[in-house]
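K.L.:
In structure tokens, the structure reads:
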């Protein structure tokens, strides 16, 4: 299933994308696409529905983030060897963990704000993993059973805030609008191997990122197991798994976003995003 949320910001309705690419309304069956909906029993019930019997959504409504009310937005840094190399970082021996604030989450095609005083706002296409079954101390062998599905994430980052202003990475990662998620959550049963997905990103029509999830240093089972040692993972939590090379920081010379540009990105089987940059 491709689960989504549509409508004005703050009043989105649950829906799904049918096999013909049409939006269908799920409001009669679930209140939202959130942690409760993403647990296995509810997903199984939704799979029994005939999508073509659901109300058709007319027009082209705005799409919201494909998951509502996520408790945690956890990110893995430097998880592609070639991206680590372009930033001049060593290959990490353990996953690099940081957070994006949930207030950064926006829809997949919403505007991205260049923060005030920013000179180094950057782009990062990433595979998102959404938790459906919570847990602590999860084994790698059991980890994939905790996944509800996958989505596209743009881990927008302000590099000066992140690297040059002291403290942790978080201050450059969690600015408002820095977490476009969607267009939809594709349930895990529809993605046979999440470690064999092409992912790409363009700015103003120029392709900068062109990678594949097979080059991850730490794969999804290891990431889930590792994180669950330090925190409980809960339904609806989002894990952003790292970016391939081609970010603005890695260009020679470095290249950063300005207001008025367009980012276009996608992941094989998971859909595409398009954001315009605006000044905050």
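Numbering (the UniProt record's numbering), first residue to last: 1 to 280.
Beta carbons: idealized from backbone N, C-alpha and C, even for Gly.
1. Could you tell me which uninterrupted beta strand (DSSP E) segments, each at least 3 residues in length, are contained entirely in the stretch 78-134, listed from first to last along the chain?
2. Would you kindly report the start and end of the unbroken alpha helix (DSSP H) that includes residue 272?
3. Which stretch, first to last residue, makes up the alpha helix (DSSP H) that contains residue 226?
4. With a CB to CB cut of under 8 Å and the five nearest residues on each side skipped, what residues in its chain are close to residue 250?
5. Please state whether the Cβ-Cβ distance between residue 233 and residue 105 is less than 8 Å.
6. Under a three-way DSSP split, which group does residue 196 fall into?
7. Are residue 125 and residue 150 close, meaning C-beta to C-beta below 8 Å?
8. For residue 212, which beta-bridge partners are listed by DSSP?
9. Do residue 239 and residue 223 have their beta-carbon atoms positioned less than 8 Å apart in this structure?
10. Can you tell me where the alpha helix (DSSP H) holding residue 69 begins and where it ends?
11. Can you tell me which of the three DSSP states residue 148 falls into?
12. Do residue 111 and residue 275 come within 8 Å of each other at the CB atom, strictly closer than that value?
13. Could you have a look at residue 42 and say whether DSSP puts it in helix, strand or coil?
14. Going by C-alpha distance, which of 182, 161 and 35 is nearest residue 174?
15. Alpha carbon to alpha carbon, how far is residue 16 from residue 32? Give it in angstroms, no decimals.
16. So, for residue 195: in the same chain, excluding its five sequence neighbours on each side, which residues have a beta-carbon less than 8 Å away from its beta-carbon?
17. Could you please give me the residues that DSSP links to residue 170 through a beta bridge?
18. Compare the C-beta of residue 239 with all C-beta atoms of chain D and state if any pair is closer than 8 Å.
19. State whether the stretch 27-42 contacts the stretch 67-81, with contact taken as three or more CB pairs (one from each stretch) at a distance under 8 Å.
20. Whole angstroms are fine: how far does the CA of residue 152 sit from the CA of residue 107?
21. Let's see if you can read the secondary structure: which residues bound the beta strand (DSSP E) around residue 263?
22. Specify, as a first and last residue, the run of the beta strand (DSSP E) that residue 16 falls within.
23. I'd like to check one pair, residue 235 with residue 39: are the Cβ atoms closer than 8 Å?
24. Mapping the DSSP letters down to three states, classify residue 49 as helix, strand or coil.
25. What is the rounded straight-line gap between the Cα of residue 56 and the Cα of residue 109?
P.N.:
Answer, in terms of the structure:
1. Entirely contained in the stretch 78-134, the beta strand (DSSP E) runs reaching 3 residues are, in chain order, 96-99, 112-114 and 125-131.
2. Position 272 of the chain shown, counted from the start, is the residue given in the question as residue 272. Counting along the chain, residue 272 falls outside any alpha helix (DSSP H), though it belongs to the beta strand (DSSP E) covering 271-279.
3. Counting from one through the chain shown, the residue named residue 226 turns up at place 226. Where residue 226 is concerned, the enclosing alpha helix (DSSP H) stretches over 220-227.
4. Taking the chain shown and counting its residues from 1, the one referred to as residue 250 is at position 250. Hits under 8 Å: 83, 86 and 87.
5. In the chain shown, counting from the first residue as 1, residue 233 sits at position 233. In the chain shown, counting from the first residue as 1, residue 105 sits at position 105. No, Cβ-Cβ distance for residue 233 and residue 105 is not below 8 Å.
6. Position 196 of the chain shown, counted from the start, is the residue given in the question as residue 196. Taken through DSSP and simplified to helix, strand or coil, residue 196 comes out as coil.
7. Position 125 of the chain shown holds residue 125. Position 150 of the chain shown holds residue 150. No, Cβ-Cβ distance for residue 125 and residue 150 is not below 8 Å.
8. As a working mapping, residue 212 is identified with position 212 in the chain shown. Residue 212 is bridged to 198.
9. As a working mapping, residue 223 is identified with position 223 in the chain shown. As a working mapping, residue 239 is identified with position 239 in the chain shown. Yes, Cβ-Cβ distance for residue 223 and residue 239 is below 8 Å.
10. Indexing the chain shown from 1 puts residue 69 at position 69. For residue 69, there is no enclosing alpha helix (DSSP H), as DSSP marks it with neither H nor E.
11. The residue given as residue 148 occupies position 148 in the chain shown. Strand at residue 148.
12. Within the chain shown, residue 275 is the residue found at index 275, counting from 1. Within the chain shown, residue 111 is the residue found at index 111, counting from 1. With contacts defined as CB atoms closer than 8 Å, residue 275 and residue 111 qualify as a contacting pair.
13. In the chain shown, counting from the first residue as 1, residue 42 sits at position 42. Note: residue 42 maps to helix in three-state DSSP.
14. Taking the chain shown and counting its residues from 1, one reaches residue 174 at position 174. When each option's Cα is compared against that of residue 174, the closest is 161.
15. Translated into positions along the chain shown, residue 32 becomes position 32. Translated into positions along the chain shown, residue 16 becomes position 16. C-alpha of residue 32 to C-alpha of residue 16: approximately 11 Å in a straight line.
16. As a working note, residue 195 is residue 195 in the chain shown. For residue 195, where only same-chain residues beyond five positions count, the Cβ hits under 8 Å are 213, 214, 216, 219 and 220.
17. Counting from one through the chain shown, the residue named residue 170 turns up at place 170. Beta bridge pairing from DSSP links residue 170 with no other residue.
18. Any reference to chain D falls outside this structure, which holds one protein chain only.
19. Under the three-pair Cβ rule at 8 Å, the stretch 27-42 counts as touching the stretch 67-81.
20. Translated into the one-based positions of the chain shown, residue 107 becomes position 107. Translated into the one-based positions of the chain shown, residue 152 becomes position 152. Rounded to the nearest angstrom, the two C-alpha atoms are 11 Å apart.
21. Start at 1 with the first residue of the chain shown, and residue 263 comes out as number 263. Note, residue 263: beta strand (DSSP E), 262-267.
22. Working through the chain shown from its first residue, we reach residue 16 at position 16. Where residue 16 is concerned, the enclosing beta strand (DSSP E) stretches over 13-17.
23. Indexing the chain shown from 1 puts residue 39 at position 39. Indexing the chain shown from 1 puts residue 235 at position 235. The answer is yes: Cβ separation under 8 Å.
24. To locate residue 49, count along the chain shown from 1; it is residue 49. Looking at residue 49 - three-state DSSP - the assignment turns out to be coil, as it is neither helix nor strand.
25. To locate residue 56, count along the chain shown from 1; it is residue 56. To locate residue 109, count along the chain shown from 1; it is residue 109. So the alpha carbons of these two residues sit roughly 21 Å apart.
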